[in-house]
Amino acid sequence: MTEIATRKTVSETEARRANRAWWDLDADDYQDEHGNFLGDVDFVWCPERLREAEAGLLGPVPGKKILELGAGAAAASRWLRVQGASPVALDLSAGMLRHASEAAGRSGVHVPLVQADALALPFADDAFDIVCTAFGAIPFVADSAAAMREVARVLRPGGSWVFSVTHPMRWAFWDEPGEDGLVVRNSYFDRSPYVERDEQGRVTYLEQHRTLGDRIRELVGAGFVLRDLVEPEWPEGHQQIWGQWSPLRGRLFPGTAIFVCDLPA
Ligand SMILES: C[S@@+](CC[C@H](N)C(=O)[O-])C[C@H]1O[C@@H](n2cnc3c(N)ncnc32)[C@H](O)[C@@H]1O
1 MTEIATRKTV SETEARRANR AWWDLDADDY QDEHGNFLGD VDFVWCPERL REAEAGLLGP
61 VPGKKILELG AGAAAASRWL RVQGASPVAL DLSAGMLRHA SEAAGRSGVH VPLVQADALA
121 LPFADDAFDI VCTAFGAIPF VADSAAAMRE VARVLRPGGS WVFSVTHPMR WAFWDEPGED
181 GLVVRNSYFD RSPYVERDEQ GRVTYLEQHR TLGDRIRELV GAGFVLRDLV EPEWPEGHQQ
241 IWGQWSPLRG RLFPGTAIFV CDLPA
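Note that full-length UniProt numbering gives residue 60 to position 60 of the sequence shown, counting from 1, and the numbers run on in steps of one.
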């Protein structure tokens with residue numbers, strides 16, 4: 001299948017269809033490539049390998065009801081379970097959730113798995129103390145402002161929403177881990193998503209860009225207060241490349257942004 005990459009706006013329906021198909025198709029490759037890095041029972045926020053165990057961005061989790069969006073194989077939810085929380089792992093892709101189920105069997109740590117779209121969460125209002133995700137759902141939905149409002153709906157007042165995404169400034173560069181990825185090539189202000197299409201013109205993969213200001217306006221618009229914006233630095237001695245994230249680029253500019261937000265009580 002030939003892939004044609006462009007920057008072009010797509011509808012929410014096209015985005016949902018492409019996301020589900022892509023992540024089902026890619027689930028085995030994603031886990032083959034990143035499964036060891038992510039572990040079976042571990043909460044890693046980003047390719048810079050910042051772990052929740054050291055970062056503590058969620059605050060104390062024992063006894064907390066936690067929803068993990070775009071959970072993939074759900075290693076983070078299993079880690080939260082072991083810490084004494086009550087997590088639910090949600091993902092759009094049955095392929096990714098199959099890996100979550102296999103990892104539960106391997107590790108003996110079981111959490112509820114839910115197949116659903118982050119834009120239509122099958123939960124009551126105020127159901128969770130914390131919602132979180134490492135690179136799940138948010139970079140892929142066309143209407144991320146609606147996703148923020150949906151997260152606010154299921155969070156209780158006083159709850160927290162913590163999510164990591166590609167740092168917005170990376171969109172000015174090619175997705176290259178080497179020297180080619182050090183030169184500004186695109187406008188940071190071009191919000192059209194990165195889209196791959198097959199020969200019939202169907203969208204097969206997409207990622208959405210929001211500037212830092214866009215993201216903050218989406219969060220504030222949904223009622224959140226931004227408590228912190230974490231830009232993990234590339235750790236000394238960490239050599240593992242993940243796609244466009246590499247030690248070369250990581251030494252020079254941020255690759256990940258982690259938004260730490262609260263819903264006022
Ligand atoms: C880059 S993976 C991240 C998975 C996992 N959080 C991790 O750290 O490996 C993105 C995940 O988001 C999920 N996803 C994409 N769009 C979604 C949506 N609209 N609702 C829920 N999950 C979605 C994908 O199926 C995929 O599992």
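Ideal placement from N, C-alpha and C gives every residue a C-beta, glycine not left out. All of these numbers come straight from a predicted model, not from anything done at the bench.
Quick check on Ser160: buried or exposed, where buried means 16 or more other Cβ atoms within 10 Å of its Cβ? As a position in the sequence shown, residue 160 is number 160, starting the count at 1. Under this definition Ser160 is a buried residue.
What is the rounded straight-line gap between the Cα of Arg210 and the Cα of Gly221? Taking the first residue of the sequence shown as 1, we reach residue 210 at position 210. Taking the first residue of the sequence shown as 1, we reach residue 221 at position 221. Rounded to whole angstroms, Arg210 to Gly221 spans 15 angstroms at the Cα level.
Of the choices Ser192, Ser164 and Leu182, whose alpha-carbon is the least far from that of residue 330? The chain is shown from 1 up to 265; residue 330 falls before or after that span and cannot be answered.
Please state the DSSP three-state secondary structure of Asp262. Locating residue 262 in the sequence shown gives position 262, where the first residue counts as 1. When DSSP states are grouped into helix, strand and coil, Asp262 belongs to the strand group.
For a test of the three-state rule: what should DSSP assign to Pro247, helix, strand or coil? Residue 247 sits at position 247 when you count from the first residue of the sequence shown. Pro247: helix per DSSP, three-state reduction.
Can you find at least 3 beta carbon pairs, one from the region 10-18 and one from the region 139-146, that sit closer than 8 angstroms? yes
Report yes if the CB atom of Val162 is closer than 8 angstroms to the CB atom of Phe37, and no otherwise. Here residue 162 corresponds to residue number 162 of the sequence shown, with the count starting at 1. Here residue 37 corresponds to residue number 37 of the sequence shown, with the count starting at 1. Not in contact: Val162 and Phe37 (Cβ atoms no closer than 8 angstroms).
Beta-carbon proximity list for Pro245, same chain, < 6 angstroms, skipping 5 on both sides: Along the sequence shown, read from residue 1 onward, the residue named residue 245 stands at position 245. In the sequence as presented, Pro is not what sits at residue 245; that position holds Trp. Answer for Trp245: Pro47 and Gly255, listed in chain order.
Put Phe37 into one of helix, strand or coil per three-state DSSP. Position 37 of the sequence shown, counting from 1, holds the residue named residue 37. Here Phe37 sits in helix by DSSP.
Is Asp129 helix, strand or coil by DSSP? Taking the sequence shown and counting its residues from 1, the one referred to as residue 129 is at position 129. Asp129: strand per DSSP, three-state reduction.
Sort Phe224, Val154, Gly201 and Asp28 by Cα distance to Leu97 and report the nearest one. Working through the sequence shown from its first residue, we reach residue 97 at position 97. Comparing Cα positions, the closest option is Asp28.
Per the contact definition of three or more C-beta pairs closer than 8 angstroms, is the region 120-138 in contact with the region 100-111? Not touching, per the Cβ criterion.
Option in Met169, Tyr30, Arg153 and Asp214 with minimal Cα separation from Leu67: Residue numbering aside, residue 67 sits at position 67 when the sequence shown is read from its first letter. When each option's Cα is compared against that of Leu67, the closest is Arg153.
Pick out the complete alpha helix (DSSP H) segments inside the region 112-188, 4 residues or longer, and give them in chain order. 144-154
With 16 other Cβ atoms within 10 Å as the buried cut-off, status of Pro157: Position 157 of the sequence shown, counted from the start, is the residue given in the question as residue 157. Exposed, because fewer than 16 other Cβ atoms sit within 10 Å of the Cβ of Pro157.
Restricting to Cα atoms, I'd like to know which of Leu252, Thr166, Phe135 and Leu206 is closest to Tyr188. If you number the sequence shown from 1, residue 188 lands on position 188. The option with the nearest alpha carbon to Tyr188 is Thr166.
Using 8 angstroms as the cut-off, can you tell me whether the region 176-185 makes contact with the region 234-250, which would need three or more C-beta pairs spanning the two stretches below that distance? yes
Let me check understanding here. Comparing Cα to Cα, which of Gln115, Thr9, Val41 and Arg217 lies closest to Asp24? To locate residue 24, count along the sequence shown from 1; it is residue 24. Asp24 has its Cα closest to that of Gln115, out of Gln115, Thr9, Val41 and Arg217.
From which residue to which residue does the beta strand (DSSP E) around Leu226 run? For the purposes of this step, residue 226 is identified with residue 226 of the sequence shown, where counting begins at 1. That run of the beta strand (DSSP E) goes Val225 to Val230.
Once DSSP output is grouped into helix, strand and coil, what is the label at Met1? Counting from 1 along the sequence shown, the entry for residue 1 is found at position 1. For Met1, the pLDDT reaches just 48, beneath the cut-off of 50, and the residue's location in the model is therefore unreliable, leaving the point undetermined.
Using CA atoms only, rank isn't needed, just tell me which of Leu219, Gly105 and Leu252 is closest to Ala73. For the purposes of this step, residue 73 is taken as the residue at position 73 of the sequence shown. The shortest C-alpha separation from Ala73 is found at Gly105.
With DSSP collapsed to three states, give me the class of Val203. Here residue 203 corresponds to residue number 203 of the sequence shown, with the count starting at 1. Correct three-state label for Val203: strand.
Could you tell me which residues DSSP pairs with Val82 in its beta bridges? Taking the sequence shown and counting its residues from 1, one reaches residue 82 at position 82. Answer is none; Val82 lacks a bridge partner.
Closest by C-alpha distance to Ala5, when choosing among Ala257, Trp174, Gly237 and Ile241: If you number the sequence shown from 1, residue 5 lands on position 5. The option with the nearest alpha carbon to Ala5 is Trp174.
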